[in-house]
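Worksheet for the structure shown next.
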Amino acid sequence: MSVIDWLIESDPAIRWQALRDLTDASPDEIAAERTGVEREGWGARLLALQGADGLWDGGACFPASYTGDEPGQPWTTTMHTLQTLQIFGLDPASEAARRAISLVAEHGRWEHAGQRYFDGEVEPCINGRTIETGAYFGVDVSAIVERIVGELLADGGWNCEVENGSVRSSFHTTINVLDGLLEFGRTTGGSAAVRRAQRSGEEYLLERGLFRRKSTGEVADAAYLDFAFPYYWRHDVLRALDYFRRSGAEPDPRMAEAVEIVRSKRQPDGRWLLDRVHPGRIHFALEEGVGKPSRWNTLRALRVLDWWRG
């Protein structure tokens, strides 16, 4: 079985994207496969887990039952689940998506201070992800975008720890905000201010080769070189490269080292492994486990390398 066949013989969430990104399938064939995200497999399973209150696991960012004594971070709540459904490519115009989003908009409240879900919270890493899913699913998130554009730091990016006194940007927060601004621009056309902020955040990452400290050139965090899925709020070089691919950017020489890391992880059979799982409560596993062949990493790596080769 070829690697592409292996991807296509998977869940609809992977199948339709593999057809779109790695084959010459027709738009009609791709669209038909995409409808499966709503009706079967992982997408349907996640949709079925939404509570009558419109939330997943009873919370926006943390489960209703969360006491803080679990290993890792719970990934079962509304923010993480909506991000996953977006990554799956659930059609925003589908009946299931419209119903789910209307329930979140009506009932969702942030644990921070009871803010309405799509009004956002105070941390830019959370707000970046809220912008991304809100824009994708057709919600007006322009007020959060205006706020986040005004929170750009002097070094070019964003950091969730600003409220605790940080004046330096972080890779994690910056990639979350960039994903949000990219989706906002795609669905609304954006604005000059949004595009300036987006270019600033991109430059922040590029100046650091997507994973190095600007001050010393050292690897900022070894975890940035591991490919996890789902990635949730965490940065890694594959996620960053896939962002630049989706943005329509031209390959930049400052990405070359990161691209070589992606290429070096390709196995003799043409697949990529799952390097890391971010610990915490989950609804169900999307991969076979660390060290096993990963369809999500393989899909993303193949399309990044195709983009890099032009």
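Note that our numbering has the sequence shown beginning at 13, numbered continuously upward.
Just so it is clear, CB atoms sit at the ideal spot from N, CA and C, and this is done for glycine as well.
* To do: Within the same chain, show all residues whose beta-carbon is closer than 6 Å to that of Trp-308, passing over the 5 residues directly before and after it, in chain order.
  => Phe-241
* Alpha carbon to alpha carbon, what distance is there between Gly-140 and Ser-182? -> So the alpha carbons of these two residues sit roughly 13 Å apart.
* To do: Inspect the beta-carbon positions of Trp-68 and Thr-93 and report whether they are closer than 8 Å.
  => The Cβ-Cβ distance between Trp-68 and Thr-93 falls below 8 Å.
* Buried versus exposed, by CB contacts within 10 Å (16 or more), Gln-279 -> exposed
* To do: Could you tell me which residues DSSP pairs with Ala-112 in its beta bridges?
  => Ala-112 pairs with nothing; no bridge assigned.
* Taking C-alpha atoms, which residue in Pro-136, Ala-232, Arg-51, Gly-322 lies nearest to Ser-106? -> Arg-51
* To do: In the DSSP assignment, find the alpha helix (DSSP H) that holds Pro-24 and state where it starts and stops.
  => 24-34
* By a C-beta neighbour count over all protein chains shown, 10 Å radius and 16 as the cutoff for buried, is His-184 buried or exposed? -> Under a 10 Å Cβ-count criterion, His-184 is classified as buried, with 16 or more other Cβ atoms of the shown protein chains found around its own Cβ.
* Please name the residue in Leu-58, Ile-16, Glu-41, Leu-34 whose C-alpha comes closest to that of His-295. => Leu-58
* Every unbroken alpha helix (DSSP H) within the segment 239-298, with a cutoff of 4 residues, ordered by chain -> With a minimum length of 4 residues, the continuous alpha helix (DSSP H) runs that stay inside the segment 239-298 are 249-259, 268-276.
* Which partner residues does Pro-305 have in the DSSP bridge list? -> Leu-285
* To do: Grab me the residues of Ala-234's own chain with a C-beta within less than 8 Å of its C-beta, minus the 5 sequence neighbours each way, in chain order.
  => Around Ala-234, the same chain offers no residue with a beta carbon nearer than 8 Å, after the five sequence neighbours per side are excluded.
* Beta bridge counterpart(s) of Val-231 as assigned by DSSP -> Arg-224
* **Distance between Gly-120 and Gly-126 (C-alpha atoms, nearest Å)** => A straight-line Cα-Cα distance of about 9 Å links Gly-126 and Gly-120.
* **Coil, strand or helix - Gly-71 by DSSP** => strand
* Asked: From Phe-130 to Met-13, what distance separates their C-alpha atoms?
  -> Going from the Cα of Phe-130 to the Cα of Met-13 covers about 44 Å.
* Buried versus exposed, by CB contacts within 10 Å (16 or more), Thr-35 -> exposed
* Asked: What is the C-beta distance between Glu-214 and Ala-147, in whole angstroms, given that I count them as a contact (C-beta under 8 Å)?
  -> That belief does not hold up - the Cβ atoms of Glu-214 and Ala-147 are roughly 18 Å apart, past 8 Å.
* Three or more beta-carbon pairs under 8 Å between the segment 76-86 and the segment 20-40, yes or no? -> no
* To do: Flag this pair as yes or no: are the beta carbons of Thr-145 and Trp-170 separated by less than 8 Å?
  => no
* Asked: Leaving out the 5 sequence neighbours to the left and right, which residues in its chain are closer than 7 Å to Leu-97 when beta-carbon positions are compared?
  -> Gly-55, Leu-58
* Classify Thr-89 as buried or exposed, calling it buried when 16 or more other Cβ atoms lie within 10 Å of its own Cβ. => Here Thr-89 is buried: its Cβ has 16 or more other Cβ atoms, across all protein chains shown, within 10 Å.
* Whole alpha helix (DSSP H) runs in the segment 134-184 with 4 or more residues, listed along the chain? -> 136-148, 154-161
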